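The listed protein sequences correspond, in order, to chains A and B. Quick note: the first sequence uses my numbering, first residue 134, plus one each step. Quick note: the second sequence uses my numbering, first residue 140, plus one each step. The beta-carbon is built from N, C-alpha and C at its ideal position, and this holds for glycine as well. As the structure is a prediction and not an experimental result, all values here were calculated from the model.
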Amino acid sequence: MNSEVMFYLLAGMILVFSVLTVTSRKILRAAVYLLFVLISTAAIYFMLEYTFLAAVQLTVYAGGIVVLIIFSVLLTSHISEKAIMADMKQSLLSALAVGAGALLTLITIFQFTFIKSDLPAQTSSVTDVGNALISYERDGFALPFEVISLLLLAALIGAIIVARKEKDSAIIK
Amino acid sequence: MTGTIPLQYFLVISTLMFFIGIYGFLTRKNLITMLMSIELILNSVNINFVAFNKYLYPQNLQGHFFTLIIIAIAAAEAAVAIAIIINIYRNFRSIDVDNVNEMKF
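Right under this line is the structure:
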């Protein structure tokens with residue numbers, strides 16, 4: 134009973150704040166609404182008992198990405214600036230396309246019968262997650278772990294090089 | 140912890156969140172708000188993976204690890220995208236897609 138009330142609360146929060154994120158005219162407020170969506174998602178992971186994943190969601194998404202977005206909002210626009218929205222025709226057509234897509238997906242979801250598994254759940258404690266990440270046997274994820282670490286390094290260097298101020302080019306101009 | 144909540148409810152939330160993200164991507168003009176819509180889309184996919192893992196294949200953790208890796212990729216993507224956006228702002232003094240219409244100037 135309690136978990137259901139919690140679920141409906143989180144679902145409502147996610148939907149309301151998602152809509153506010155894409156419709157708010159103040160960009161900084163939209164970023165804060167996005168933060169609420171991400172925190173509610175972390176709460177859903179807690180409900181599903183994937184605690185490590187929820188902690189990662191909170192630190193990386195809610196702690197890292199939202200701060201990055203807020204910083205770039207403050208760097209690129211004035212705090213009271215209103216975002217320009219699409220004209221009436223474009224938003225109406227987008228809403229129509231999106232509504233049709235959502236309807237189709239929802240109908241498909243409710244027509245398909247999912248077979249719920251009764252097997253005992255694999256625990257996802259930090260020890261289990263760590264062991265799986267360095268294991269190269271069955272159910273091990275050593276290769277994706279190494280690939281993602283290389284990707285993060287490349288993204289780090291790439292982001293610094295792209296955003297760096299070029300002193301020479303300013304003189305040439 | 141999930142009680143009697145059926146799997147479909149999680150899928151409904153994630154579907155609605157995905158299409159709200161697409162709506163934002165189509166109607167927003169500001170590059171940063173478009174990036175925020177992409178974050179919404181990625182997040183909704185993560186909910187799907189985790190719910191399928193919990194309900195249909197609880198003996199494995201594959202959806203769990205897929206979601207972990209998607210979160211890492213989303214972080215890398217946001218960092219690179221914001222670097223590009225700041226560079227665009229430096230060159231065009233604006234990050235509205237209507238004003239950024241040349242590749243080189």
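Under 8 angstroms, do residue i and residue j count as touching if we go by C-beta distance?
i: residue 175 of chain B; j: residue 202 of chain A; result: yes
i: residue 218 of chain B; j: residue 288 of chain A; result: yes
i: residue 181 of chain B; j: residue 209 of chain B; result: yes
i: residue 143 of chain A; j: residue 173 of chain A; result: yes
i: residue 160 of chain A; j: residue 219 of chain A; result: no
i: residue 208 of chain A; j: residue 197 of chain B; result: no
i: residue 179 of chain B; j: residue 170 of chain A; result: yes
i: residue 225 of chain B; j: residue 164 of chain A; result: no
i: residue 185 of chain A; j: residue 262 of chain A; result: yes
i: residue 163 of chain B; j: residue 149 of chain A; result: no
i: residue 215 of chain B; j: residue 285 of chain A; result: yes
i: residue 205 of chain A; j: residue 171 of chain B; result: yes
Could you pull out every residue in the same chain whose Cβ sits closer than 8 angstroms to the Cβ of residue i, ignoring the five residues on either side in sequence?
i: residue 187 of chain B; result: 149, 150, 153
i: residue 146 of chain B; result: 190, 191, 194, 195
Within 8 angstroms (strictly less), CB to CB, does residue i reach chain A?
i: residue 231 of chain B; result: no
i: residue 187 of chain B; result: no
i: residue 240 of chain B; result: no
i: residue 228 of chain B; result: yes
i: residue 146 of chain B; result: yes
For residue i, decide whether its Cβ has a neighbour in chain B, counting only Cβ atoms nearer than 8 angstroms.
i: residue 216 of chain A; result: yes
i: residue 249 of chain A; result: yes
i: residue 240 of chain A; result: no
i: residue 268 of chain A; result: no
i: residue 279 of chain A; result: no
i: residue 142 of chain A; result: no
i: residue 177 of chain A; result: yes
i: residue 229 of chain A; result: no
Apart from the five residues on each side of it in sequence, which residues of its chain come closer than 6 angstroms, Cβ to Cβ, to residue i?
i: residue 187 of chain A; result: 175, 178, 179
i: residue 206 of chain B; result: 185, 188, 189
Give every residue of the same chain whose Cβ lies closer than 7 angstroms to the Cβ of residue i, excluding the five residues on either side of it in the sequence, and list them in chain order.
i: residue 136 of chain A; result: 180
i: residue 276 of chain A; result: none
i: residue 228 of chain B; result: 234
Looking at the ligand HEM, does it come within less than 7 angstroms of residue i, judged from the CB to the closest heavy atom?
i: residue 244 of chain A; result: Of the ligands one can find in the structure shown there are none, so the ligand HEM has no counterpart to examine.
What residues in the region 253 to 264 of chain A bring their beta carbon closer than 8 angstroms to a beta carbon of chain B?
253, 254, 255, 257, 261, 262
Closer than 7 angstroms, Cβ to any Cβ of chain B: which residues of the region 184 to 212 of chain A, in chain order?
186, 189, 190, 193, 194, 197, 198, 201, 202, 205, 206, 208, 209
Closer than 8 angstroms is the cut-off here; do at least three beta carbon pairs connect the region 223 to 233 of chain A with the region 150 to 164 of chain B?
yes
Note down, in chain order, all residues in the region 169 to 183 of chain B with a beta-carbon under 8 angstroms from any beta-carbon belonging to chain A.
169, 171, 172, 174, 175, 176, 178, 179, 182
Count the C-beta pairs between the region 191 to 200 of chain A and the region 248 to 268 of chain A that are closer than 8 angstroms, then say yes if the count reaches three, no if not.
no
What are the residues of the region 203 to 226 of chain B that lie near chain A, defined by any Cβ-Cβ distance shorter than 8 angstroms?
203, 204, 206, 207, 208, 210, 211, 212, 213, 214, 215, 216, 217, 218, 219, 221, 222, 223, 224, 225, 226
Quick one, which residues of the region 148 to 169 of chain A are near chain B if we go by CB-CB under 7 angstroms, in chain order?
148, 151, 152, 154, 155, 160, 163, 164, 167
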